[in-house]
């Protein structure tokens with residue numbers, strides 16, 4: 099039995115893809131209502147993290163932050179060793195490299211196995227089973243994890259030892275966040291110049307830098323549809339992790355820091371639950387202020 103903890107914006111469609119592939123699945127979420135759709139698809143529901151680990155030989159974590167992961171693992175109390183001993187823990191959430199390295203140490207010391215497998219992709223790719231996973235860990239543990247996460251991914255790339263996958267995920271996130279910020283800035287310029295936004299978007303998407311991300315985010319900006327695929331609050335958390343990683347590596351990240359300021363601006367205006375394409379609103383507010 100495979101376990102899955104964390105049924106948020108990404109976790110729920112990821113778990114649904116496992117069920118569609120016939121994977122026997124037991125799920126846990128702090129807000130039980132998020133389990134209802136998966137229960138209707140055949141998932142078992144664990145009443146607690148302890149029950150999840152007792153039922154499963156391997157558990158996938160897709161949790162919001164360090165505190166949520168530690169709570170599910172029982173890391174702060176005597177339950178931790180009994181939960182992870184003899185089990186494979188696959189962490190697909192995004193955390194700092196230092197946190198992930200420490201988590202691996204503690205799980206292995208308690209008799210468990212650990213693989214970090216953060217993913218590139220938002221809710222759309224999660225729904226389609228088109229995520230790209232970056233895997234790091236002991237070779238045998240990674241080999242055991244691959245078939246378990248395959249129904250959620252179109253690519254799985256083994257990058258070495260923990261925490262190399264987390265470090266890579268943060269570098270990829272810098273590119274993604276800065277790219278969407280640049281799209282918003284260009285969209286604001288096109289608007290201010292009186293250009294047709296549909297044509298502007300068509301040229302971007304069909305040009306040399308066209309991508310699925312550019313197409314999706316430009317479509318949202320043009321239609322002003324900010325229903326979340328990747329929420330501002332989640333992107334902001336990731337941007338702060340990237341900034342901390344850049345500081346730790348003594349690496350300049352000016353584009354990321356500009357994006358961070360703009361994400362914080364949208365969040366401060368009540369936009370935490372909006373899609374990251376809503377970073378456009380920071381440019382509009384700046385333009386209106388003169």
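In the working numbering, the protein residues as written are 99 to 388.
C-beta atoms are modelled at their ideal positions from N, C-alpha and C, and glycine is treated no differently.
Exercise for the section: Spell out a yes or no on whether the stretch 107–115 and the stretch 128–138 are touching, meaning 3 or more CB-CB pairs, one atom from each, closer than 8 Å. Expected result: Flag = yes, the stretch 107–115 and the stretch 128–138 touch.
Exercise for the section: Measure the Cβ-Cβ separation of residue 119 and residue 326 and say whether it is below 7 Å. Expected result: It is not a contact, given that the beta carbons lie outside the stated cut-off.
Practice task
Note the first and the last residue of the continuous alpha helix (DSSP H) segment covering residue 127.
Solution key: Run containing residue 127: none; DSSP gives neither H nor E here.
Practice task
Identify every run of the beta strand (DSSP E) within the stretch 235–313, keeping only runs that are complete inside it and at least 3 residues long; order them along the chain.
Solution key: 251–258
Exercise for the section: State the DSSP-derived secondary structure class of residue 322, mapped to helix, strand or coil. Expected result: coil
Practice task
Kindly indicate which residue of 334, 371, 289 has the alpha-carbon position closest to the one of residue 359.
Solution key: 334
Exercise for the section: Answer yes or no: do residue 156 and residue 229 have a C-beta to C-beta separation smaller than 7 Å? Expected result: no
Practice task
Let me know the secondary structure DSSP gives residue 222 once reduced to three states.
Solution key: helix
Exercise for the section: Under 8 Å Cβ to Cβ from residue 192, same chain only, skipping five residues before and after it: list those, please. Expected result: 216, 264, 267, 268, 271, 335, 336, 339
Problem - As assigned by DSSP and simplified to three states, the class of residue 155 - result: Looking at residue 155 - three-state DSSP - the assignment turns out to be coil, as it is neither helix nor strand.
Practice task
Would you give the residue range spanned by the beta strand (DSSP E) that residue 188 belongs to?
Solution key: 186–189
Practice task
To the nearest angstrom, report how far apart residue 255 and residue 379 are at their CA atoms.
Solution key: Residue 255 and residue 379 have their C-alpha atoms some 35 Å from each other.
Handout entry: Cβ shell of residue 171 (< 7 Å), same chain only, five flanking positions each side left out
Key = Only 178, 181, 182 meet the Cβ criterion.
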